[in-house]
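In UniProt numbering, the protein residues as written are 1 to 73.
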């Protein structure tokens, strides 16, 4: 029973880590791009650039998390 509860908590922590590691870079990129576009009056170019960079960063982070988890198995 104790081992099962520990496994559930480990999986919950992994899901939370994946969610945060994907959401934070994307939201940060959107926020930074919008901020720069507003300050420099450039339309939406920085929003697009930093959104794409945030998405790329989040997938790199997801790849690192999943490969770290499979190395031990």
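No residue lacks a Cβ here, since even glycine has one placed at the ideal position from N, Cα and C.
Delimiting residues of the alpha helix (DSSP H) encompassing residue 3: For the purposes of this step, residue 3 is taken as the residue at position 3 of the chain shown. According to the DSSP assignment, residue 3 belongs to the alpha helix (DSSP H) that extends over 2-40.
Given residue 21 as reference, the closest of 68, 67, 57 and 70 once Cα atoms are compared: Within the chain shown, residue 21 is the residue found at index 21, counting from 1. For residue 21, the closest alpha carbon among the candidates 68, 67, 57 and 70 is that of 57.
When 40, 59 and 33 are compared against residue 48, the one with the closest alpha-carbon: Position 48 of the chain shown, counted from the first residue, corresponds to residue 48. Out of 40, 59 and 33, the CA that lies nearest to the CA of residue 48 is found in 33.
Straight-line Cα distance separating residue 26 from residue 7: Within the chain shown, numbered from 1, the residue matching residue 7 stands at position 7. Within the chain shown, numbered from 1, the residue matching residue 26 stands at position 26. Rounded to whole angstroms, residue 7 to residue 26 spans 29 Å at the Cα level.
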